[in-house]
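Chains P and W are the protein sequences, given in the same order.
Letter by letter, the first sequence follows residues 57 to 135 in this note's numbering.
Letter by letter, the second sequence follows residues 30 to 269 in this note's numbering.
Every residue gets a Cβ at the ideal spot worked out from N, C-alpha and C, and that includes glycine.
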Amino acid sequence: MRLPRYFLNIRRRAVLIRDEEGDDLPDLDAARALALGTLREMVRLPHVYGLPRTWRRNVFVITDEGGTALLEIPYSDVL
Amino acid sequence: MTEPDNRIPRPFPRNHLLAALTAEDLGRLRPGLESVALTIREILIPAHLAVEHVYFVEDGIVSLIADVAERRIEIGLIGPEGVAGLCILLGADSSPHSAMVQAEGTALRLPAAVLHAAMEASASLRTVLGRYVQTMMVQIGQTAYANADLTIEGRLARWILMTQDRLAQAELPLTHEFLSVMLGVRRPGVTTAVHVLEGFGMVRARRGRITVLDREKLLDLAGDAYGSAEAEYRRLIVEA
């Protein structure tokens with residue numbers, strides 16, 4: 057069975073930065089875990105990602121292969 | 030009259046290190062050289078296992094990768110200017126780092142034993158390969174500097190410049206998945222960094238491809254992290 061692909065697009069101010077590649081993941085929970093794991097990495101590595109204040113208002117918009125929005129995760133959820 | 034050797038494509042040698050060798054040194058290696066295709070994601074040299082062959086890259090790119098816990102992070106790049114299998118050049122039989130194909134192409138593969146024998150026999154061969162190892166030590170040192178001092182955008186600019194140097198084209202086959210290995214971050218972390226470079230007009234990103242639009246701006250962003258390894262290669266290999 058092929059895994060479904062989830063796209064972790066990012067909304068920054070009024071712009072939607074499209075994730076054109078996505079990740080093959082078992083389910084939406086796994087996509088949520090990937091988003092949260094990425095955000096924890098961003099908090100842990102400010103010298104790499106810049107200070108949280110530069111991206112804290114961004115939002116992950118997770119979509120499926122058809123482009124339907126399934127879940128939004130504000131970056132501020134992990135701050 | 031020498032016997033034609035159909036295994037080696039013309040023009041030869043396309044690898045810059047092989048091209049820098051004397052005819053005599055090239056003659057020592059030539060009987061062992063075998064043309065092989067480099068397939069994307071192929072692990073040419075697995076970590077911790079005895080290295081059977083070194084790979085003189087002709088087209089494409091090979092990444093040196095440190096596998097740390099569950100993460101992989103790129104520490105160096107090898108293209109047509111170099112050879113994968115550095116540990117063999119230094120008298121070691123294996124390395125904790127692996128070498129993986131990042132852009133498809135071709136290489137001339139040489140058995141480690143043939144290279145050893147040729148290096149035993151030739152001081153001039155040892156000099157060229159030793160100098161190449163020096164350029165790689167500088168490159169890996171610059172990776173350490175970049176990882177300590179640059180943000181994700183600066184590091185991305187450096188890897189894009191180094192990839193372009195090796196592929197000699199503006200359109201680069203760089204997926205976000207590969208960029209995440211280059212940068213040592215999770216894949217979704219790459220999305221905004223690529224977007225920032227696009228916003229500066231440095232690159233255009235389309236599914237699986239990054240096209241360089243403004244190399245000068247990328248050079249500014251990469252700063253001191255880019256350039257010294259490249260200068261060292263010119264000094265020690267090209268102009269020597």
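Throw me the rounded Cβ distance for the W/R57 and W/S151 pair, which I believe falls under 8 Å.
6 Å
Pull up the distance between the alpha-carbon of P/A87 and that of P/Y62, whole angstroms please.
7 Å
From which residue to which residue does the alpha helix (DSSP H) around W/N176 run?
Looking at the DSSP string, the run of the alpha helix (DSSP H) that includes W/N176 is A152 to D178.
W/E200 touches chain P at which residues, Cβ-Cβ below 7 Å?
Simply none; closest approach about 15 Å.
So what does W/M129 bridge to, in DSSP terms?
DSSP lists W/I72 and W/S92 as partners of W/M129.
Exposed unless 16 or more other CB atoms sit within 10 angstroms - verdict on W/H77:
exposed
Counting Cβ pairs closer than 8 Å, one from the stretch 194-201 of chain W and one from the stretch 212-222 of chain W, do we hit at least three?
No, the stretch 194-201 of chain W does not touch the stretch 212-222 of chain W.
Burial state of W/N35, where buried means 16 or more other Cβ atoms lie within 10 Å
Per-residue confidence for W/N35 stands at a pLDDT of 46, beneath the threshold of 50, marking its modelled position as unreliable; no derived number is given.
How long is the line joining the alpha carbons of W/V167 and W/R138, rounded to whole angstroms?
25 Å
Quick check on W/G111: buried or exposed, where buried means 16 or more other Cβ atoms within 10 Å of its Cβ?
Counting the other CB atoms within 10 Å of its CB gives W/G111 a total of 16 or more, which places it among the buried residues.
When Cβ atoms are compared, which residues of the stretch 102-132 of chain P fall closer than 8 Å to chain W?
Residues of the stretch 102-132 of chain P with a Cβ closer than 8 Å to any Cβ of chain W, in chain order: H103, V104, Y105, G106, W111, N114 and F116.
Assumed close pair P/V115, P/Y131 - CB separation to whole angstroms, cut-off 8 Å
7 Å
According to DSSP, what are the bridge partners of W/H145?
Answer is none; W/H145 lacks a bridge partner.
Are the CB atoms of P/D75 and P/L64 nearer to each other than 9 Å?
yes
Can you name the start and end residues of the beta strand (DSSP E) that P/L72 belongs to?
Unbroken beta strand (DSSP E) run through P/L72: V71 to I73.
Just checking: is the beta-carbon of W/T220 within a distance shorter than 9 Å of some beta-carbon in chain P?
For W/T220, the answer is yes, since a Cβ of chain P falls inside 9 Å of its Cβ.
So P/A91 contacts chain W; which residues on that side make the cut at Cβ distance below 9 Å?
P217
Residues of chain P with a CB under 8 Å from the CB of W/E206: which are they?
E77
Can a CB atom of chain P be found closer than 9 Å to the CB of W/Y174?
With 9 Å as the cut-off, W/Y174 does not count as an interface residue toward chain P.
Which residues mark the beginning and the end of the beta strand (DSSP E) in which W/E63 is found?
Unbroken beta strand (DSSP E) run through W/E63: E63 to L67.
Taking only beta carbons into account, state which residues of the stretch 56-87 of chain W come closer than 9 Å to chain P, listed in chain order.
none
At a Cβ threshold of 9 Å, is P/M98 touching chain W?
So yes, P/M98 belongs to the interface.
Looking at C-alpha atoms only, which residue of W/L185, W/R160 and W/Y161 is the closest neighbour of W/T172?
Of W/L185, W/R160 and W/Y161, the smallest CA-CA separation from W/T172 is found for W/L185.
Does any residue of chain P bring its CB to less than 9 Å from the CB of W/T240?
no
By DSSP, does W/V97 sit in helix, in strand, or in coil?
strand
If you drop the 5 nearest sequence neighbours on each side, which residues of the same chain put their C-beta closer than 8 Å to that of P/I66?
Hits under 8 Å: L72, I73, D75, N114, V115, F116 and V117.
Secondary structure, alpha helix (DSSP H): runs of 4+ residues fully inside the stretch 221-256 of chain W:
Contiguous alpha helix (DSSP H) elements confined to the stretch 221-256 of chain W occur at 244-251, taking only those with 4 or more residues.
Take P/V134 and list the residues in its own chain whose beta-carbon comes closer than 7 Å to its own, dropping the five residues that flank it on each side.
Closer than 7 Å at the Cβ level, and outside the excluded window around P/V134, lie L92, L95, R96 and V99.
So for W/P217, helix, strand or coil by DSSP?
helix
For W/I104 versus W/L93, is the C-beta distance shorter than 9 Å?
yes
Taking Cβ positions, are P/L127 and P/L84 nearer each other than 9 Å?
yes
Report yes or no: is there a C-beta of chain W within less than 9 Å of the C-beta of P/L64?
Using a Cβ-Cβ cut-off of 9 Å, P/L64 counts as an interface residue toward chain W, since at least one Cβ of chain W sits closer than that to its own.
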